[in-house]
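Top to bottom, those sequences are chains A and B. So in my numbering, spot 250 of the first sequence is number 261, and the numbers just go up one at a time. So in my numbering, spot 20 of the second sequence is number 31, and the numbers just go up one at a time. Here is the structure we will look at, set down as structure tokens.
There are 2 protein chains.
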Amino acid sequence: MLLESLIDKATQVSAKTIAVAAAEDEEVIDAVLDALNRNLANFILFGDKEKINTILEVKRHDTKDTKNLVIVHANTNASAAELAVKAVFNREADVLMKGNIPTSTLLKAVLNKEYGLRTGNVLSHVAVFEVPGYDRFTIVTDAGMNIAPDLEQKAQITINAVTIAKSIGIDIPKVAPIAAVEVVNPVMQATLDAAALTTMNKRGQISDCIVDGPLALDNAVSELAAEHKGIRSEVAGKADILLVPTIEVGNVLYKSLIYFANAKVGAVIAGAKAPIVLTSRSDSAESKLYSLALALCCVSK
Amino acid sequence: MLLESLIDKATQVSAKTIAVAAAEDEEVIDAVLDALNRNLANFILFGDKEKINTILEVKRHDTKDTKNLVIVHANTNASAAELAVKAVFNREADVLMKGNIPTSTLLKAVLNKEYGLRTGNVLSHVAVFEVPGYDRFTIVTDAGMNIAPDLEQKAQITINAVTIAKSIGIDIPKVAPIAAVEVVNPVMQATLDAAALTTMNKRGQISDCIVDGPLALDNAVSELAAEHKGIRSEVAGKADILLVPTIEVGNVLYKSLIYFANAKVGAVIAGAKAPIVLTSRSDSAESKLYSLALALCCVSK
Chain A
12 MLLESLIDKA TQVSAKTIAV AAAEDEEVID AVLDALNRNL ANFILFGDKE
62 KINTILEVKR HDTKDTKNLV IVHANTNASA AELAVKAVFN READVLMKGN
112 IPTSTLLKAV LNKEYGLRTG NVLSHVAVFE VPGYDRFTIV TDAGMNIAPD
162 LEQKAQITIN AVTIAKSIGI DIPKVAPIAA VEVVNPVMQA TLDAAALTTM
212 NKRGQISDCI VDGPLALDNA VSELAAEHKG IRSEVAGKAD ILLVPTIEVG
262 NVLYKSLIYF ANAKVGAVIA GAKAPIVLTS RSDSAESKLY SLALALCCVS
312 K
Chain B
12 MLLESLIDKA TQVSAKTIAV AAAEDEEVID AVLDALNRNL ANFILFGDKE
62 KINTILEVKR HDTKDTKNLV IVHANTNASA AELAVKAVFN READVLMKGN
112 IPTSTLLKAV LNKEYGLRTG NVLSHVAVFE VPGYDRFTIV TDAGMNIAPD
162 LEQKAQITIN AVTIAKSIGI DIPKVAPIAA VEVVNPVMQA TLDAAALTTM
212 NKRGQISDCI VDGPLALDNA VSELAAEHKG IRSEVAGKAD ILLVPTIEVG
262 NVLYKSLIYF ANAKVGAVIA GAKAPIVLTS RSDSAESKLY SLALALCCVS
312 K
């Protein structure tokens with residue numbers, strides 16, 4: 012599957028609105044204008060209006076149309092975050108996007124009890140990869156939010172990823188809880204949690220998906236490797252979602268896919284009332300666009 | 012760098028001998044014959060002599076020469092392991108190779124107090140990768156032996172990997188202790204250990220290398236990514252050795268390189284009196300040959 016298809020999908024549904032917190036940044040504006048050029052969504056940019064306009068003046072000649080763009084002034088980063096979150100809370104916007112502010116500033120507003128976007132669920136990072144040579148999306152979670160999730164958190168991280176997978180057309184996603192081995196080993200917590208998640212799925216505590224683990228990465232993604240090991244599993248060799256045990260595993264897998272395997276990626280934070288896009292400076296322009304498209308697919312039901 | 016160069020290097024030094032524990036297996040014999048055909052080493056095969064000879068009869072027509080091959084009968088797997096380890100202990104062989112027996116059976120003999128191969132060091136898995144598009148070897152440790160090493164063990168794992176790196180021509184290897192972030196975060200043990208390892212290197216507790224961490228994988232292998240983050244480091248962007256915090260991180264990185272990035276690999280267990288080759292059924296024939304060549308490079312000084 013190609014991530015480009017998410018852009019097509021996002022443009023086909025009725026126009027959604029993205030609220031950007033602290034948009035006064037060249038790379039953020041580039042991403043916004045890219046999205047506008049692709050007719051992906053409408054935008055409300057919160058932040059220093061003068062700075063935003065100055066950057067827009069320079070960039071605007073490359074842009075077909077900025078009529079779907081509204082700028083709302085905010086004096087500080089915290090205020091920009093609050094206003095952007097409130098816009099989503101009040102349904103004036105469908106997706107929240109981080110601009111040029113620390114993630115912690117944005118999350119503080121997201122977690123505000125009065126106007127925030129909490130649902131009671133764990134917030135988790137869900138990355139959708141297009142890996143050269145693989146004909147399906149590879150979803151990795153959680154590579155960015157939860158450091159060392161316990162079993163209950165892993166269950167919620169799974170549920171968040173399943174929701175994202177369904178929103179991009181994977182009806183019954185196959186979930187592989189990843190460990191270093193495919194057998195249960197009492198001294199490897201990842202294998203114990205994987206076994207527990209598998210049973211939670213069988214007992215209906217995690218639904219709308221098939222969970223089977225522990226699996227090592229090769230058993231999860233390669234049918235040949237699974238066969239070699241004699242693993243009988245509905246998930247082995249064809250996992251849609253790779254549930255990693257710690258943030259270090261997720262981060263290394265994420266970076267390995269980008270830097271060694273030339274994969275493409277789009278990612279969102281799931282588990283809040285609306286999807287949150289946290290692009291970073293090191294993301295490519297393409298990757299930022301895929302993240303926005305992914306977020307829009309999540310709200311386009 | 013190409014792993015093929017290790018085969019060239021191994022064939023250029025005076026002939027070494029590899030002791031194989033429990034060689035009565037088609038895939039093991041295939042690897043042995045491959046190595047003989049490349050004039051890589053001499054072999055002593057320990058195991059069921061009749062079965063070994065039967066397999067050899069079938070395969071021998073493809074093989075130039077089996078005069079550098081000795082078979083020593085052993086009644087059981089445990090006995091084959093003991094005899095193979097003793098051959099290395101007595102300097103009749105230079106490298107130990109696992110045949111068709113469980114790793115635990117072999118390691119039990121390796122760790123025997125009377126004739127075993129312990130040095131007091133931690134045994135650790137060292138994998139040398141040739142990654143398409145990268146012009147240097149990427150060494151990953153420990154992806155296979157130590158589950159969740161503590162700081163002292165990580166220091167020894169580093170020292171083991173540095174020894175291997177030097178044996179393949181990397182004189183002052185650059186070591187990146189990997190974490191999910193490049194800053195010290197008190198709730199992420201990997202970042203604390205990485206900082207401690209960096210200081211241990213500065214104080215001479217880990218020598219013959221340059222250690223600098225924590226680094227995330229992208230900062231470690233991509234100079235551009237390191238620049239983006241403003242990281243000033245002798246290691247960032249050009250790490251030779253990626254020291255991973257847990258076996259799950261190592262295993263996922265190892266499998267990701269093989270299955271997603273089409274990398275080639277050779278691996279040994281380091282830290283014993285002689286290198287140990289633990290190839291598994293799922294390794295390619297090429298990978299088994301690289302592992303043997305790597306082990307031979309380690310003893311060819």
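The C-beta atom is built at its ideal place from N, Cα and C for all residues, glycine as well.
Chain-ordered chain A contacts of residue i [CB-CB under 7 Å]
{"i": "M199/B", "result": "I158"}
{"i": "V142/B", "result": "F271"}
{"i": "A227/B", "result": "N262 and K266"}
{"i": "H239/B", "result": "R292 and S293"}
Residues that residue i bridges to, as DSSP identifies them
{"i": "P188/A", "result": "L254/A"}
{"i": "K275/A", "result": "E141/A"}
{"i": "S135/A", "result": "A281/A"}
{"i": "L80/A", "result": "F54/A"}
{"i": "V288/A", "result": "M108/A"}
Buried versus exposed, by CB contacts within 10 Å (16 or more), residue i
{"i": "V194/A", "result": "exposed"}
{"i": "Q167/A", "result": "buried"}
{"i": "S135/B", "result": "buried"}
{"i": "A187/B", "result": "buried"}
{"i": "D19/A", "result": "exposed"}
{"i": "N86/A", "result": "exposed"}
{"i": "K124/B", "result": "exposed"}
{"i": "L17/A", "result": "buried"}
{"i": "A278/A", "result": "buried"}
{"i": "S25/A", "result": "exposed"}
{"i": "N48/B", "result": "exposed"}
{"i": "S302/B", "result": "buried"}
{"i": "V69/B", "result": "exposed"}
{"i": "G215/B", "result": "exposed"}
{"i": "S115/B", "result": "exposed"}
{"i": "D161/B", "result": "exposed"}
{"i": "K78/A", "result": "exposed"}
{"i": "A306/B", "result": "buried"}
{"i": "T130/A", "result": "exposed"}
{"i": "K213/A", "result": "exposed"}
{"i": "E245/A", "result": "exposed"}
{"i": "L13/A", "result": "exposed"}
{"i": "E163/B", "result": "exposed"}
{"i": "T65/A", "result": "exposed"}
Contact list for residue i against chain B, beta-carbon separation under 8 Å
{"i": "I189/A", "result": "E259 and V263"}
Cross-chain neighbours of residue i in chain B, by beta carbon under 7 Å
{"i": "V232/A", "result": "Y270"}
{"i": "A236/A", "result": "S293"}
Listed by chain order, chain A residues near residue i by CB distance under 9 Å
{"i": "H136/B", "result": "None at all; the shortest Cβ gap to chain A is about 11 Å."}
Residues of the segment 250 to 271 of chain A with Cβ closer than 9 Å to any Cβ of chain B, in chain order: L253, V255, P256, T257, I258, E259, V260, G261, N262, V263, L264, Y265, K266, S267, L268, I269, Y270 and F271
Ordered list of beta strand (DSSP E) runs contained in the segment 144 to 175 of chain B, each at least 3 residues: 149 to 152
Contained beta strand (DSSP E) runs [length at least 3] in the segment 89 to 123 of chain B, N- to C-terminal order: 106 to 109
Quick one: which unbroken beta strand (DSSP E) runs of 3-plus residues sit fully inside the segment 185 to 235 of chain B? Chain order, please. 185 to 188
Taking a cut of 8 Å between CB atoms, which residues from the segment 274 to 301 of chain B lie near chain A? A274, R292 and S293
Could you tell me which uninterrupted alpha helix (DSSP H) segments, each at least 4 residues in length, are contained entirely in the segment 21 to 69 of chain A, listed from first to last along the chain? 37 to 48
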